[in-house]
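**Q** Before anything else, here's the structure in question.
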Amino acid sequence: MSSSTHFFNSDHFQRQSDEFASWLVSLPGVMVNYKIRIADLRANAAGRGVVAQTDIVEGEELFTIPRDCVLSTHNSKLRGLLSHDLEELGPWLSLMLVMIYEYLQGANSAWAPYFKVLPQDFDTLMFWSPSELQELQGSAVVEKIGKEGAEASILEGIAPIVRSHPSLFPPIDGLASYDGDAGTQALLNLAHTMGSLIMAYAFDIEKPENEEEEDGEDGYMTDDEEEQSSKGMVPLADMLNADADRNNARLFQEETSLVMKAIKNIRAGEEIFNDYGEIPRADLLRRYGYVTNNYAPFDVIEISLDLLCSCAGLRDSDLENQPRLRLLYDRDLLDDGYDIPRPSQDHTLADNLPEELVLLLTTLTLSPEQSADQQQKQKPPRPNFNRAEATLLRDAIQRNYGRYSTTIAQDQELLAQLNHSEASSGPLAGSARRLKMAIQVRIGEKEVMEHLGSRLRELLGTSSSSKRTASGAGDDSRRTKAQRT
Ligand SMILES: C[S@@+](CC[C@H](N)C(=O)[O-])C[C@H]1O[C@@H](n2cnc3c(N)ncnc32)[C@H](O)[C@@H]1O
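The numbering used here applies: residue 1 is where the sequence shown begins, and numbers increase by one.
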């Protein structure tokens, strides 16, 4: 969410919160504990949030939302008004369509008071301008925004239904229809708004255990999420902010209701936080449009397959030209990019690396004879993390670092200036806020690269010949951990 701009009227923030709360408790089966209240957290650039009014004990129910109050494909009237099977669109596009329908119903929608407290502007990366995105420098997250893919899905899946049902989807903004350039753009804008709300606010309703982020994410949806059965907007539950491990509440999915419960004791005045997951700040920005320093431990650096291949002296990463890669690809062991977390002092460097990355490094450092041998056996090599692999990784990290145009020291100076202006004039907004968040993201990624670089230098500097090192190169006992074949 970018600012305090919410649907319909942004000037009546508190009144809209109150109206929303009154509407919600008027719905049959809704229970809201008197110990919580909706708070105006715009001074912290956090929009609305939920705060404890008095002490709350662990296990206490904060609110109960019956399943039929969830804004979902299942509950919307649209389901009975279309001949299409909405489920065929998948969980993302079907909810997007339903939300467009409900939004266009205005006051006639059963969720009209809910829309009034949902934002319409976002700081998620989908909405950043090219120059704002440039501030993320070499971050791989820029490649994951997936705006074009999302728009192609919207035009293919949603536009034909909207255009063929003008009475259900009345044109907005004085438009005659959703045809033509202006109509298409208006529809895309609406769909992006709903897609962004789903990304930052919706819950997986039937399979909450499948919430995990997976690789291969493009636009609003992942392949895994496409297979999930249902997403829904849960009023009030989605008013909880999150701040890494400060979560003190969780949504429990019961048979007929969704129940938010305290999972820790909460003191009067404290904010009630949900858990959005252990998300790197780059992804937090992409999905939710904010970052806080508490997410810094989850920062990663993504090293692309192309870069690793190039550093290994391969012309490209094309499977037709690189049979050694095909051995991995055929076993689903090849990725476009590899996330490396912040190195932990408690683990050897090799244990800190994703197993598939170690396998790729081993594959890329095979001699032509070794590679031919593996081809003949039709088996990937046994993963190793020795000097050759460490050298390749070091080179790739160095090259990746070159994609960032400033140093950490320069970033910290810029950040200090922005913090200073925030301290004197209040929370940053617009491009200044985005710049600050981009700097936080790129500092985190550079820190990960610097830590990795120094661990690799340490390891390469001391592990001449076959000597084992504290960081683990040459330690055969661990290699079995990464063995995948
Ligand atoms: C599920 S909503 C939470 C309610 C939201 N604050 C609102 O006013 O509608 C998620 C959005 O809240 C904001 N948010 C959540 N946690 C935050 C935090 N710790 N700091 C700042 N913004 C936060 C982000 O804009 C995010 O996309």
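Even glycine gets a Cβ: it sits at the ideal position worked out from N, Cα and C.
Just to confirm, are Ala52 and Ile303 a CB contact at a threshold of 7 Å?
**A** In the sequence shown, residue 52 corresponds to position 52, counting from 1. In the sequence shown, residue 303 corresponds to position 303, counting from 1. Their beta carbons are not under 7 Å apart, which means Ala52 does not touch Ile303 by this criterion.
**Q** Taking the alpha-carbon of Leu125 as reference, which of Val25, Arg286 and Gly337 has the nearest alpha-carbon?
**A** In the sequence shown, the residue the question calls residue 125 occupies position 125. The candidate whose alpha carbon is nearest that of Leu125 is Arg286.
**Q** Hey, Asn274 and Ala244: beta-carbon distance below 7 Å or not?
**A** Your numbering for residue 274 matches position 274 in the sequence shown. Your numbering for residue 244 matches position 244 in the sequence shown. Contact: no.
**Q** Is there at least one non-hydrogen atom of ligand 1 closer than 6 Å to the beta-carbon of Tyr288?
**A** Reading the sequence shown from its first residue, position 288 is the one you call residue 288. It does: the Cβ of Tyr288 is within 6 Å (strictly closer) of some heavy atom of ligand 1.
**Q** Between the beta-carbon of Arg442 and the beta-carbon of Gln105, is there less than 7 Å?
**A** Position 442 of the sequence shown, counted from the start, is the residue given in the question as residue 442. Position 105 of the sequence shown, counted from the start, is the residue given in the question as residue 105. Not closer than 7 Å, so no.
**Q** Please name the residue, chosen from Gly461, Leu359, Met233 and Ala150, that lies closest to Trp111 on a Cα-to-Cα basis.
**A** Here residue 111 corresponds to residue number 111 of the sequence shown, with the count starting at 1. Checking every option, the nearest Cα to that of Trp111 belongs to Met233.
**Q** Is Lys379 buried or exposed, if buried means 16 or more other CB atoms sit within 10 Å of its CB?
**A** Along the sequence shown, read from residue 1 onward, the residue named residue 379 stands at position 379. Burial call: exposed.
**Q** Mind checking whether the beta-carbon of Met239 lies closer than 6 Å to any heavy atom of ligand 1?
**A** Here residue 239 refers to the residue found at position 239 of the sequence shown. Yes, the beta carbon of Met239 sits closer than 6 Å to at least one heavy atom of ligand 1.
**Q** Would you call the segment 40-59 and the segment 138-148 touching, i.e. three or more CB-CB distances under 8 Å?
**A** Taking 8 Å as the limit for Cβ pairs, the verdict is that the segment 138-148 does not touch the segment 40-59.
**Q** Our contact map puts Ile272 next to Leu452 with C-beta atoms below 8 Å; I'd like the distance itself, whole angstroms only.
**A** In the sequence shown, the residue the question calls residue 272 occupies position 272. In the sequence shown, the residue the question calls residue 452 occupies position 452. Going by Cβ atoms, the distance from Ile272 to Leu452 rounds to 36 Å, so no, they are not a contact pair.
**Q** Quick one, which of Gly337, Glu413, Ile397 and Asp330 has its alpha-carbon nearest Gln375's?
**A** Position 375 of the sequence shown, counted from the start, is the residue given in the question as residue 375. Nearest of Gly337, Glu413, Ile397 and Asp330 to Gln375, Cα basis: Asp330.
**Q** What are the uninterrupted segments assigned as beta strand (DSSP E) that are 3 or more residues long and contained completely in the segment 31-112, given in chain order?
**A** Those beta strand (DSSP E) runs which fall completely within the segment 31-112 and span 3+ residues are 36-40, 48-52 and 61-66.
**Q** How long is the line joining the alpha carbons of Leu190 and Asn352, rounded to whole angstroms?
**A** As a working mapping, residue 190 is identified with position 190 in the sequence shown. As a working mapping, residue 352 is identified with position 352 in the sequence shown. Whole-angstrom Cα-Cα distance: 42 Å.
**Q** Give the single residue among Arg67, Val25 and Ile38 whose Cα lies nearest to the Cα of Val259.
**A** For the purposes of this step, residue 259 is taken as residue 259 along the sequence shown, with counting starting at 1. When only C-alpha atoms are compared, the closest one is Arg67.
**Q** CB-CB under 8 Å to Leu501, same chain, minus the five flanking residues each way: which ones, in chain order?
**A** Because the chain here runs from 1 to 485, residue 501 falls outside it and cannot be looked at.
**Q** Give every residue of the same chain whose Cβ lies closer than 7 Å to the Cβ of Lys139, excluding the five residues on either side of it in the sequence, and list them in chain order.
**A** Reading the sequence shown from its first residue, position 139 is the one you call residue 139. For the record, residue 139 in the displayed sequence is Ser; it is not Lys. Cβ within range, chain order: Ala282, Val441, Arg442 and Glu445.
**Q** May I ask which residues mark the beginning and end of the alpha helix (DSSP H) holding Ser131?
**A** Sequence index remark: in the sequence shown, residue 131 carries index 131 (1-based). That run of the alpha helix (DSSP H) goes Pro130 to Gln134.
**Q** What are the complete beta strand (DSSP E) segments, minimum 3 residues, inside the segment 390-477?
**A** Here no run is fully enclosed.
**Q** Quick one: grab the DSSP three-state call for Val300.
**A** Residue numbering aside, residue 300 sits at position 300 when the sequence shown is read from its first letter. Correct three-state label for Val300: strand.
**Q** Using 7 Å as the threshold, is the C-beta distance between Ala45 and Pro427 below it?
**A** Residue mapping note: residue 45 aligns to position 45 of the sequence shown, counting from 1. Residue mapping note: residue 427 aligns to position 427 of the sequence shown, counting from 1. Yes, they are a contact pair.
**Q** Between Gly269 and the rest of its own chain, which residues show a CB-CB distance below 6 Å, the 5 nearest in sequence each way excluded?
**A** Your numbering for residue 269 matches position 269 in the sequence shown. Within the same chain, Gly269 has no close Cβ partners at all.
**Q** Which two residues bound the contiguous alpha helix (DSSP H) that contains Pro368?
**A** To locate residue 368, count along the sequence shown from 1; it is residue 368. First-last of the alpha helix (DSSP H) with Pro368: Pro368 to Lys377.
**Q** Check whether the Cβ atoms of Val448 and Ile301 sit closer than 7 Å, and answer yes or no.
**A** Residue mapping note: residue 448 aligns to position 448 of the sequence shown, counting from 1. Residue mapping note: residue 301 aligns to position 301 of the sequence shown, counting from 1. In this structure, Ile301 lies closer than 7 Å to Val448 by Cβ.
**Q** Which value, in whole angstroms, describes the spacing of the CA atoms of Pro170 and Met99?
**A** Along the sequence shown, one-based indexing puts residue 170 at 170. Along the sequence shown, one-based indexing puts residue 99 at 99. Their backbone Cα atoms lie some 13 Å apart in a straight line.
**Q** Can the beta-carbon of Phe20 be found less than 7 Å from the beta-carbon of Pro113?
**A** Residue mapping note: residue 20 aligns to position 20 of the sequence shown, counting from 1. Residue mapping note: residue 113 aligns to position 113 of the sequence shown, counting from 1. Cβ distance < 7 Å, so Phe20 and Pro113 count as in contact.
**Q** Below 6 Å CB to CB, which residues in the same chain sit around Cys309 once its five sequence neighbours on both sides are set aside?
**A** To locate residue 309, count along the sequence shown from 1; it is residue 309. Ser317, listed in sequence order.
**Q** Please determine, among Asp335, Thr365 and Asp336, the residue with the shortest C-alpha to C-alpha distance to Ala312.
**A** Position 312 of the sequence shown, counting from 1, holds the residue named residue 312. When each option's Cα is compared against that of Ala312, the closest is Thr365.
**Q** Looking at ligand 1, does it come within less than 6 Å of Tyr114, judged from the CB to the closest heavy atom?
**A** Taking the first residue of the sequence shown as 1, we reach residue 114 at position 114. Incorrect: Tyr114 has no Cβ contact closer than 6 Å to ligand 1.
**Q** Taking only heavy atoms of ligand 1 into account, decide whether any of them is closer than 6 Å to the Cβ of Asp243.
**A** By 1-based counting over the sequence shown, the position of residue 243 is 243. Because some heavy atom of ligand 1 lies under 6 Å away, the Cβ of Asp243 counts as near it: yes.
**Q** Is any heavy atom in ligand 1 found nearer than 6 Å to the beta carbon of Leu48?
**A** Numbered from its first residue, the sequence shown carries residue 48 at position 48. Looking at the sequence itself, residue 48 is Arg, so the reference to Leu does not match. Flag set: Cβ of Arg48 near ligand 1.
**Q** Verify the contact flag: Ser201, CB atom, against every heavy atom of ligand 1, threshold strictly below 6 Å.
**A** Residue 201 sits at position 201 when you count from the first residue of the sequence shown. Reading the sequence as shown, one finds Tyr at residue 201 and not Ser. Yes, ligand 1 has a heavy atom inside 6 Å of this Cβ.
**Q** By how many angstroms is the C-alpha of Arg79 removed from the C-alpha of Ser85?
**A** Here residue 85 is taken as the residue at index 85 of the sequence shown, counted from 1. Here residue 79 is taken as the residue at index 79 of the sequence shown, counted from 1. According to the sequence as given, residue 85 is Asp; it is not Ser. The alpha-carbon atoms of Asp85 and Arg79 are separated by roughly 8 Å.
**Q** Using the Cβ count rule (16 or more neighbours within 10 Å means buried), how would you classify Lys377?
**A** Stepping through the sequence shown from its first residue, residue 377 is reached at position 377. Exposed: under 16 other Cβ atoms inside 10 Å.
**Q** Skipping 5 residues on each side, what residues in its chain have a beta carbon closer than 7 Å to that of Glu422?
**A** Locating residue 422 in the sequence shown gives position 422, where the first residue counts as 1. Only Leu428 meet the Cβ criterion.
**Q** Rounded to whole angstroms, what is the Cα-Cα separation between Ser83 and Gln134?
**A** In the sequence shown, residue 83 corresponds to position 83, counting from 1. In the sequence shown, residue 134 corresponds to position 134, counting from 1. For Ser83 and Gln134, the distance between alpha carbons rounds to 45 Å.
**Q** When you compare only the Cα positions, how much space is there between Leu460 and Thr391?
**A** Along the sequence shown, read from residue 1 onward, the residue named residue 460 stands at position 460. Along the sequence shown, read from residue 1 onward, the residue named residue 391 stands at position 391. About 7 Å.
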